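Residue numbers (my numbering), protein chains in the order written: chain A, 1 to 249; chain B, 1 to 249; chain C, 1 to 249.
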């Protein structure tokens with residue numbers, strides 16, 4: 001997939017969720033379980049003083065976007081136990097239930113069906129606790145109207161996969177309006193880094209920046225994710241970010 | 001490991017499970033949980049209309065083989081919650097209990113002991129529900145009779161790992177007759193793609209094709225797995241498939 | 001990150017846990033669950049005769065170090081079900097509770113917060129079973145006194161991540177004395193291999209060998225981990241080990 005093709009095909013859609021991006025910045029810090037204090041007191045301090053006390057409060061990325069990429073990383077790795085607190089925090093930080101629903105669907109394609117399916121029961125529990133019901137039409141299928149460029153050999157090697165990529169993924173999923181393009185690309189970036197698939201980051205990072213993600217926000221995405229996917233996977237992503245930043249001047 | 005060596009050493013074994021490959025093609029579609037319809041209605045539609053309504057019914061790959069690679073991907077990622085439905089579907093699609101048992105053992109080596117061990121309790125539950133008992137001799141250890149080529153430096157760097165690879169993996173595991181070579185290579189391919197280890201695909205894809213996997217079946221394996229491991233890992237595998245297809249003419 | 005910088009910055013710390021490395025070598029073999037014998041009899045035999053009957057007893061690596069890297073691999077993949085037996089075995093093999101606690105904290109950075117957090121409840125259960133309470137000061141924060149070299153572009157691309165890497169990871173975490181440098185590098189190596197992030201192994205393997213890991217021990221680390229992370233990820237690590245062994249003569 002070439003960046004220019006993605007850009008060309010998706011530029012017209014440009015559903016920038018600018019209102020969503022300005023979320024409440026100051027929240028009561030979530031506290032880790034007392035078990036963490038008892039068993040790993042040092043980790044407790046890092047969590048309260050560094051991660052929630054400092055990283056989450058940095059202004060380079062909205063709390064709502066931090067929740068978006070944190071949840072995407074958790075869903076991509078089937079970290080259901082850790083989703084409980086982060087679904088609540090995400091809703092507190094301004095993520096709409098329909099966006100969370102759309103994120104799970106998006107990640108079925110970008111992290112696999114089993115990871116998406118595993119996110120449903122815990123999401124149901126949190127939605128029920130808060131009395132949330134989804135609008136019936138919130139995630140209606142939009143018309144499949146186009147295709148997007150992809151790696152040139154895909155159609156030769158796996159024609160049906162190329163077909164699904166064109167029609168279902170880029171022609172369908174990415175055009176659904178329950179989640180903006182900036183959000184979809186952020187989620188995809190988080191999923192790729194969480195899965196150690198940094199080699200495929202480039203077009204999605206360009207797409208995110210085409211749709212309003214600034215360079216300082218992008219750098220903060222990697223910084224934030226280092227805590228949630230581990231330093232090694234974050235470090236593997238840095239060269240791609242460098243390449244994209246350089247190519248955009 | 002060089003392909004030619006694998007081929008040379010294993011060609012005589014050639015236990016083609018042709019009968020197994022012709023499994024029942026038409027099955028009642030599994031329905032996702034009502035939770036999926038409630039929380040992620042769009043994902044529900046993709047699951048019923050696209051994944052089970054179309055992908056699983058395509059004739060390019062037998063339903064039995066689809067279950068084989070789906071279960072291999074699930075076991076390789078410790079997706080135990082998702083195994084419940086897919087173990088039932090796999091048995092319905094013609095997988096023998098002894099093949100499922102042998103697959104778990106095979107994946108201990110190709111996805112690690114913890115993932116294999118985690119598959120046992122859920123398999124036990126499904127087997128018990130269906131009154132399945134394994135034949136005591138179904139997975140007897142065959143004689144260890146040979147060794148197979150591997151990456152040239154392995155014996156220099158890690159001689160004991162080279163020894164286990166020769167004697168236990170290729171000299172033992174791969175020669176056990178409770179699972180055919182085409183099946184073992186399909187399972188290995190699914191495990192490698194599920195773990196993002198596409199760099200090691202080449203000899204196993206050649207082995208699968210040496211043992212009867214057609215090019216259109218191979219392409220369908222990637223297409224099917226895209227849904228179960230996510231698009232990124234499937235896309236990372238495509239260049240290797242291209243290379244193997246090209247080298248075989 | 002360049003190896004020489006890591007070495008230079010950390011050489012003075014050199015808290016070699018030589019006493020810890022000489023752990024009891026002979027232990028009663030853990031037995032897999034009877035379910036394993038029933039559902040996967042062949043895997044049961046591999047587990048009892050090969051893995052515990054032979055691999056764990058090899059003298060090339062102390063049982064205590066085997067437990068250290070096994071637990072690091074399990075924690076890095078959120079394999080909580082498999083941690084129960086291995087936490088007990090690790091304590092039996094001489095791992096101190098404070099070292100297990102420090103390992104979980106270390107892996108928050110090297111495998112991500114969610115994996116570390118998921119290890120806490122099961123560790124609490126095992127500690128409680130054995131009446132273990134951690135010393136309050138066991139994991140006190142040491143002074144942050146220095147910085148360590150890293151990949152040159154990190155500060156340009158993601159300055160805050162570079163800052164945290166310098167001050168929190170290398171200037172803080174690595175200097176805490178509740179876990180020796182040889183142990184921290186072994187844990188990091190296991191985490192990298194378990195996550196398929198072998199590209200980042202090189203400086204940590206050098207650091208481990210600078211702090212007393214012999215070449216035969218290092219080779220045995222890969223051999224042992226092949227069983228716990230699967231052959232493919234172990235094989236991906238072999239070229240890096242070859243490179244480091246060659247560079248050290």
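Ideal Cβ positions, reconstructed from N, Cα and C, are used throughout, including at glycine. For clarity, every value in this text was computed on a predicted model and none was experimentally measured.
Closer than 9 Å to chain A by CB, residue 113 of chain C: It does: the Cβ of residue 113 of chain C has a partner Cβ on chain A nearer than 9 Å.
Under the three-state reduction of DSSP, which class applies to residue 132 of chain B: helix, strand or coil? Coil, per DSSP.
Along the region 74-86 of chain B, where does the CB come closer than 9 Å to a CB of chain C? Name the residues. Taken in chain order, the members of the region 74-86 of chain B whose beta-carbon sits within less than 9 Å of a beta-carbon on chain C are 76, 78 and 80.
Report the option in B/77, B/79, B/42 and B/127 whose CA atom is closest to the CA atom of residue 99 of chain B. From the listed residues B/77, B/79, B/42 and B/127, the smallest Cα separation to residue 99 of chain B is found for B/127.
Using the C-alpha atoms, what's the distance from residue 55 of chain C back to residue 188 of chain C? The alpha-carbon atoms of residue 188 of chain C and residue 55 of chain C are separated by roughly 21 Å.
When the cut-off is 9 Å and only beta carbons count, does residue 235 of chain B lie next to chain C? Not closer than 9 Å to any Cβ of chain C, the Cβ of residue 235 of chain B fails to qualify, so no.
For residue 159 of chain B, count neighbouring C-beta atoms within 10 Å of its own C-beta (all shown protein chains included) and say buried if the count is 16 or more, exposed if not. That one is exposed.
Whole-number beta carbon distance between residue 106 of chain A and residue 207 of chain A, since they are thought to touch under 8 Å: Not quite, the Cβ-Cβ distance comes to about 13 Å (not below 8 Å), so this is no contact.
Taking the C-alpha atoms as reference points, what is the distance between residue 219 of chain B and residue 92 of chain B? Each residue's alpha carbon lies about 24 Å from the other.
From residue 46 of chain C to residue 34 of chain C, what does the alpha carbon distance come to, in whole angstroms? Between the alpha carbons of residue 46 of chain C and residue 34 of chain C lies a gap of roughly 14 Å.
My understanding is that residue 284 of chain B touches residue 83 of chain B, with C-beta atoms under 8 Å, so please give their C-beta distance in whole angstroms. Lying outside 1 to 249, the shown extent of chain B, residue 284 of chain B is not represented and no answer is given.
Classify residue 95 of chain A as helix, strand or coil using the three-state DSSP reduction. Reduced to three states, the DSSP call for residue 95 of chain A is coil.
Please report the distance separating the alpha-carbon of residue 242 of chain B from that of residue 61 of chain B. Going by the C-alpha atoms only, they are around 18 Å apart.
Simplified DSSP assignment, three categories, for residue 85 of chain C: Correct three-state label for residue 85 of chain C: helix.
Taking beta-carbon pairs under 8 Å, can you tell me which members of the region 211-235 of chain C lie near chain B? Against chain B - using a Cβ distance shorter than 8 Å - the residues of the region 211-235 of chain C are 219, 220, 222, 223, 226, 227, 228, 229, 230, 231, 232, 233, 234 and 235.
Taking 9 Å as the threshold (C-beta atoms), are residue 231 of chain A and residue 167 of chain C in contact? Cβ atoms of residue 167 of chain C and residue 231 of chain A: not closer than 9 Å.
With a CB to CB cut of under 6 Å and the five nearest residues on each side skipped, what residues in its chain are close to residue 185 of chain A? Within the same chain, residue 185 of chain A has close Cβ partners 204, 207 and 208.
Buried or exposed by the 16-neighbour rule on C-beta atoms within 10 Å, applied to residue 133 of chain B: The residue is exposed, with fewer than 16 neighbouring Cβ atoms inside 10 Å.
Compare the Cα-Cα distances from residue 246 of chain B to each of A/223, A/87 and A/157 and report the closest residue. Among A/223, A/87 and A/157, the Cα nearest to that of residue 246 of chain B is on A/157.
Min CB distance residue 156 of chain C to chain A below 9 Å: The beta-carbon of residue 156 of chain C is placed less than 9 Å from the nearest beta-carbon of chain A.
Exposed unless 16 or more other CB atoms sit within 10 angstroms - verdict on residue 224 of chain A: Taking all protein chains in view, the Cβ of residue 224 of chain A is crowded by 16 or more other Cβ atoms within 10 Å, so the residue is classified as buried.
Taking residue 160 of chain B as the query, report the chain C residues whose CB atoms sit under 8 Å from its CB, ordered along the chain. Residues of chain C whose Cβ lies closer than 8 Å to the Cβ of residue 160 of chain B are, in chain order, 58, 60, 219, 220 and 223.
Looking at the unbroken alpha helix (DSSP H) that takes in residue 206 of chain C, where does it start and where does it end? Under the DSSP assignment, residue 206 of chain C falls in the alpha helix (DSSP H) whose first and last residues are 201-210.
Whole-angstrom distance between residue 200 of chain A and residue 194 of chain A, CA atom to CA atom: Roughly 12 Å between the two C-alpha positions.
Below 7 Å CB to CB, which residues in the same chain sit around residue 155 of chain A once its five sequence neighbours on both sides are set aside? Cβ within range, chain order: 162.
Distance between beta carbons of residue 79 of chain C and residue 114 of chain B, contact taken as under 8 Å: At roughly 4 Å, the Cβ-Cβ gap stays under 8 Å, so residue 114 of chain B and residue 79 of chain C are in contact.
Identify the continuous alpha helix (DSSP H) that holds residue 217 of chain C and give its terminal residues. 215-229 is the span of the alpha helix (DSSP H), which, as asked, contains residue 217 of chain C.
Can you say whether residue 66 of chain C is buried or exposed, counting buried as having 16 or more other CB atoms within 10 angstroms of its CB? A residue is called buried when at least 16 other Cβ atoms come within 10 angstroms of its Cβ; residue 66 of chain C meets this threshold and is buried.
Interfacial residues, the region 117-134 of chain A to chain B, with Cβ spacing under 9 Å: From the region 117-134 of chain A, only 117, 118, 119, 120, 121, 123, 124, 127, 133 and 134 have a Cβ closer than 9 Å to chain B.
If residue 103 of chain B and residue 192 of chain B are in contact, beta carbons under 8 Å, what's the gap, nearest whole angstrom? Between residue 192 of chain B and residue 103 of chain B the Cβ distance is about 14 Å, and since that is not below 8 Å, they are no contact.
Spatial neighbours of residue 228 of chain C within its chain, please: C-beta separation below 6 Å, excluding the five flanking residues on both sides. For residue 228 of chain C, where only same-chain residues beyond five positions count, the Cβ hits under 6 Å are 70 and 73.
Among A/235, A/44, A/58 and A/170, which has the Cα closest to the Cα of residue 197 of chain C? Comparing Cα-Cα distances from residue 197 of chain C to each of A/235, A/44, A/58 and A/170, the minimum goes to A/235.
Sorted by chain position, which residues of the same chain lie with C-beta nearer than 7 Å to residue 248 of chain B's C-beta, five sequence neighbours on each side aside? If we look at residue 248 of chain B and ignore the five residues flanking it on each side, its Cβ neighbours are 209.
Rounded C-alpha distance that separates residue 116 of chain A from residue 39 of chain B: Rounded to whole angstroms, residue 116 of chain A to residue 39 of chain B spans 11 Å at the Cα level.
Taking just the CA atoms, how far does residue 85 of chain A sit from residue 182 of chain C? Near 35 Å, if we compare the C-alpha coordinates of residue 85 of chain A and residue 182 of chain C.
C-alpha gap between residue 238 of chain C and residue 90 of chain B, whole angstroms: About 36 Å.
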